[in-house]
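S.K.: Pasting in a structure now, in structure tokens, and then I'll have a few things to ask.
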Amino acid sequence: MAGSEVKVLGTWASPFALRVHIALGIKSVKYEWVEENLEAKSQLLLESNPINKQVPVLIHHHKPICESLAILQYIDEAWPSAPSILPSDPYHRAVARFWAAYIDHKWFTWLKGVASAEGAEAKKAALDQVREGLVVVEEAFGKCSKGKDFFSGDRIGYLDIVLGCFLGWLYVAEKRNDVKLLDEEKMPGLAAWAIKFCLEGAVKDVMPDKDELLDYANMVFQAMAKAKAKLNAPPNN
Amino acid sequence: MGEEVKLFRTWSSSFALRIVWALKIKGIEYETVFEDLSNKSPLLLQYNPVHKKVPILVHNGKPIAESFVILEYIDETWKQAPLLLEDPYERAKARFWAKFGDDKVLTSVWNVFIKQGKEQEEALVAATENLKFLEEEMKGKKFFGGERIGYVDLALGFLANLISIFEEIIGLKIVDEEKFPSLYSWMQDFAEAPIIRDNWPPRDKMIVKFQALLDATIASSSSSSK
Numbered sequence: 001m002a003g004s005e006v007k008v009l010g011t012w013a014s015p016f017a018l019r020v021h022i023a024l025g026i027k028s029v030k031y032e033w034v035e036e037n038l039e040a041k042s043q044l045l046l047e048s049n050p051i052n053k054q055v056p057v058l059i060h061h062h063k064p065i066c067e068s069l070a071i072l073q074y075i076d077e078a079w080p081s082a083p084s085i086l087p088s089d090p091y092h093r094a095v096a097r098f099w100a101a102y103i104d105h106k107w108f109t110w111l112k113g114v115a116s117a118e119g120a121e122a123k124k125a126a127l128d129q130v131r132e133g134l135v136v137v138e139e140a141f142g143k144c145s146k147g148k149d150f151f152s153g154d155r156i157g158y159l160d161i162v163l164g165c166f167l168g169w170l171y172v173a174e175k176r177n178d179v180k181l182l183d184e185e186k187m188p189g190l191a192a193w194a195i196k197f198c199l200e201g202a203v204k205d206v207m208p209d210k211d212e213l214l215d216y217a218n219m220v221f222q223a224m225a226k227a228k229a230k231l232n233a234p235p236n237n
Numbered sequence: 001m002g003e004e005v006k007l008f009r010t011w012s013s014s015f016a017l018r019i020v021w022a023l024k025i026k027g028i029e030y031e032t033v034f035e036d037l038s039n040k041s042p043l044l045l046q047y048n049p050v051h052k053k054v055p056i057l058v059h060n061g062k063p064i065a066e067s068f069v070i071l072e073y074i075d076e077t078w079k080q081a082p083l084l085l086e087d088p089y090e091r092a093k094a095r096f097w098a099k100f101g102d103d104k105v106l107t108s109v110w111n112v113f114i115k116q117g118k119e120q121e122e123a124l125v126a127a128t129e130n131l132k133f134l135e136e137e138m139k140g141k142k143f144f145g146g147e148r149i150g151y152v153d154l155a156l157g158f159l160a161n162l163i164s165i166f167e168e169i170i171g172l173k174i175v176d177e178e179k180f181p182s183l184y185s186w187m188q189d190f191a192e193a194p195i196i197r198d199n200w201p202p203r204d205k206m207i208v209k210f211q212a213l214l215d216a217t218i219a220s221s222s223s224s225s226k
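Below, the structure is given as structure tokens:
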């Protein structure tokens with residue numbers, strides 16, 4: 001069975017696992033998806049990623065590959081026939097990798113910062129930072145896409161996947177904080193790109209429903225708030 | 001047409017050193033532009049407007065920033081003395097270890113150096129955990145890349161010298177030869193490799209720099225604590 005050769009350990013809500021879904025879809029690779037419970041990680045996950053114990057993990061011919069960006073590049077190299085995920089030119093590859101690093105190390109950190117910011121002022125500052133980051137990426141989009149639909153041109157590629165996987169969680173942040181982050185006026189390129197990305201074949205069947213994600217996020221944050229309140233409550237309560 | 005390769009760096013940046021080593025291993029001719037980060041040049045700001053940091057490689061006028069991005073660019077552009085192996089699985093492993101090095105090892109080792117008291121103890125526990133993983137990975141190999149220095153060696157290479165500098169300044173052992181025999185001998189082999197040895201910033205200057213950093217950190221934390 002070709003399908004059992006390729007396994008993905010992930011969770012439906014993980015944007016990083018979504019990257020792997022999309023990339024394998026682009027390559028038309030059949031795979032088995034293993035939905036992990038992060039509260040009770042499987043033996044397979046703990047053995048496949050003993051260092052970080054995180055999803056996603058791609059298992060190919062029984063060999064585990066960890067870290068979503070490493071997985072994306074692995075998929076491109078292990079299934080080298082078109083369509084390709086990374087550009088072929090070394091300089092364009094470097095540009096794509098540079099922006100992937102920016103999105104993961106800077107922008108996503110800021111997005112997470114929105115959830116952990118406490119108080120109205122801190123929340124506003126965190127949201128502003130996310131928006132400013134998108135303005136920077138808007139400029140990158142202009143340069144990379146050169147007037148086409150996607151960062152990679154006519155079809156989605158590395159950078160589209162790297163940023164696109166966060167669209168659901170961006171929606172969650174917008175709804176939970178009652179703000180617009182992906183603003184059609186400030187970031188017209190990205191706003192149009194986001195719509196097209198979600199309609200792409202390799203994306204639309206695997207992207208989690210954003211309202212389901214919102215419900216899930218609300219539940220998780222509510223549980224976290226309850227746990228925190230319990231911790232901060234005076235004794236003998 | 002001649003190749004024009006420029007490297008913007010500082011004298012001490014471990015990230016920039018990765019690029020120096022890669023260029024030397026491949027025998028690529030290049031020009032060094034030393035930056036003073038307290039007074040960044042207009043060119044630096046033009047070439048890396050997003051982060052305003054070094055290293056930056058400029059190849060025929062096109063700038064590339066972020067050390068791992070630069071390493072992969074160098075490996076894809078100049079095919080001699082490859083840094084990454086051909087096999088996709090080996091490449092994925094290398095990328096994983098490089099990321100682990102920066103995200104976990106560097107962070108925890110830095111915390112051992114810069115923190116005090118209980119925080120330092122906790123940092124040492126974390127660093128030891130991370131170093132154990134490296135020790136496992138190193139077993140039976142001369143370099144992470146095998147017989148030759150490769151991508152992961154360049155990524156983690158800063159450890160080979162910086163750790164001994166930290167140990168000297170704080171008087172604490174981070175990589176104990178008995179606890180981490182493979183890692184320890186890798187650090188020796190790597191530091192003594194001619195290209196690495198000849199391209200390491202002067203040790204006494206490094207000690208002065210990091211001692212000053214530590215002193216400044218202690219001073220600011222004691223002035224801010226009540």
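Line by line, the protein sequences are chains D and R. Quick note, the first sequence lines up with residues 1 to 237 if you use our numbering. Quick note, the second sequence lines up with residues 1 to 226 if you use our numbering. The beta-carbon is built from N, C-alpha and C at its ideal position, and this holds for glycine as well.
1. Under 8 Å by Cβ, that's how I've got Ile56 (chain R) and Ala22 (chain R) pegged, so tell me the actual separation to the nearest angstrom.
2. CA-CA distance, Gly164 (chain D) and Lys30 (chain D)?
3. Considering only residues of the region 40-94 of chain R, which uninterrupted beta strand (DSSP E) runs meet the minimum length of 3 residues and lie entirely inside it, listed in chain order?
4. Would you say Gln54 (chain D) lies against chain R (beta-carbon separation less than 8 Å)?
5. Who pairs with Trp33 (chain D) in a beta bridge, going by DSSP?
6. Kindly examine the ligand COA and report whether one of its heavy atoms sits closer than 7 Å to the Cβ of Tyr184 (chain R).
7. Are Val55 (chain D) and Glu36 (chain D) close, meaning C-beta to C-beta below 8 Å?
8. Count the other CB atoms within 10 Å of the CB of Ile241 (chain D); is the residue buried (16 or more) or exposed (fewer)?
9. So, with DSSP's three-state summary, where would you put Lys180 (chain D)?
10. Can you pull out the residues from the region 85-103 of chain R whose beta carbon lies closer than 7 Å to at least one beta carbon of chain D?
11. By the three-class DSSP mapping on this structure, what secondary structure does Gly146 (chain R) have?
12. With DSSP as the reference, label Ile174 (chain R) as helix, strand or coil.
13. Quick one: list the residues of chain R neighbouring Lys63 (chain D), beta-carbon separation under 8 Å, in chain order.
14. Of all Cβ atoms in chain D, is any one closer than 8 Å to the Cβ of Ala22 (chain R)?
15. In the DSSP assignment, the beta strand (DSSP E) including Pro64 (chain D) goes from what residue to what residue?
16. Among R:Pro82, R:Glu76, R:Asn39 and R:Gln46, which one has its Cα closest to the Cα of Val146 (chain R)?
17. Whose Cβ in chain D lies nearer than 9 Å to the Cβ of Phe133 (chain R)?
18. Do Phe143 (chain R) and Ser67 (chain R) have their C-beta atoms within less than 8 Å of each other?
M.R.: The answer reads as follows:
1. Taking the second sequence and counting its residues from 1, one reaches residue 56 (chain R) at position 56. Taking the second sequence and counting its residues from 1, one reaches residue 22 (chain R) at position 22. Contact flag wrong, Cβ pair sits at about 14 Å.
2. By 1-based counting over the first sequence, the position of residue 164 (chain D) is 164. By 1-based counting over the first sequence, the position of residue 30 (chain D) is 30. Distance between the alpha carbons of Gly164 (chain D) and Lys30 (chain D) is about 22 Å.
3. 56-59 and 62-65
4. Taking the first sequence and counting its residues from 1, one reaches residue 54 (chain D) at position 54. It does not: the Cβ of Gln54 (chain D) has no partner Cβ on chain R nearer than 8 Å.
5. Residue 33 (chain D) sits at position 33 when you count from the first residue of the first sequence. Partner(s): D:Val8.
6. Among the ligands in the structure shown, none appear at all, so the ligand COA cannot be discussed.
7. Counted from its first residue, the first sequence places residue 55 (chain D) at position 55. Counted from its first residue, the first sequence places residue 36 (chain D) at position 36. Yes. Within cutoff.
8. Not covered by the structure: residue 241 (chain D). The range shown for chain D is 1 to 237.
9. If you number the first sequence from 1, residue 180 (chain D) lands on position 180. In the structure shown, Lys180 (chain D) adopts coil according to DSSP, grouped into three states.
10. Hits within the stretch, in order: Pro88, Tyr89, Arg91, Ala92, Arg95, Phe96, Lys99 and Phe100.
11. Against the second sequence, residue 146 (chain R) aligns to sequence position 146. Gly146 (chain R): strand per DSSP, three-state reduction.
12. If you number the second sequence from 1, residue 174 (chain R) lands on position 174. Of the three classes helix, strand and coil, the one that applies to Ile174 (chain R) here is coil, per DSSP.
13. In the first sequence, counting from the first residue as 1, residue 63 (chain D) sits at position 63. By Cβ distance, chain R contributes Tyr89.
14. Indexing the second sequence from 1 puts residue 22 (chain R) at position 22. Cβ-Cβ to chain D under 8 Å: no for Ala22 (chain R).
15. The residue labelled residue 64 (chain D) in the question sits at position 64 within the first sequence. Per DSSP, Pro64 (chain D) belongs to the beta strand (DSSP E) from Lys63 to Cys66.
16. The sequence position of residue 146 (chain R) within the second sequence is 146, counting from 1. According to the sequence provided, residue 146 (chain R) is Gly. The question's Val does not apply to it. Of the candidates R:Pro82, R:Glu76, R:Asn39 and R:Gln46, the one whose C-alpha sits nearest the C-alpha of Gly146 (chain R) is R:Pro82.
17. Translated into positions along the second sequence, residue 133 (chain R) becomes position 133. Those are Pro50 and Ile51, listed as they occur along chain D.
18. Taking the second sequence and counting its residues from 1, one reaches residue 143 (chain R) at position 143. Taking the second sequence and counting its residues from 1, one reaches residue 67 (chain R) at position 67. Cβ distance not < 8 Å, so Phe143 (chain R) and Ser67 (chain R) don't count as in contact.
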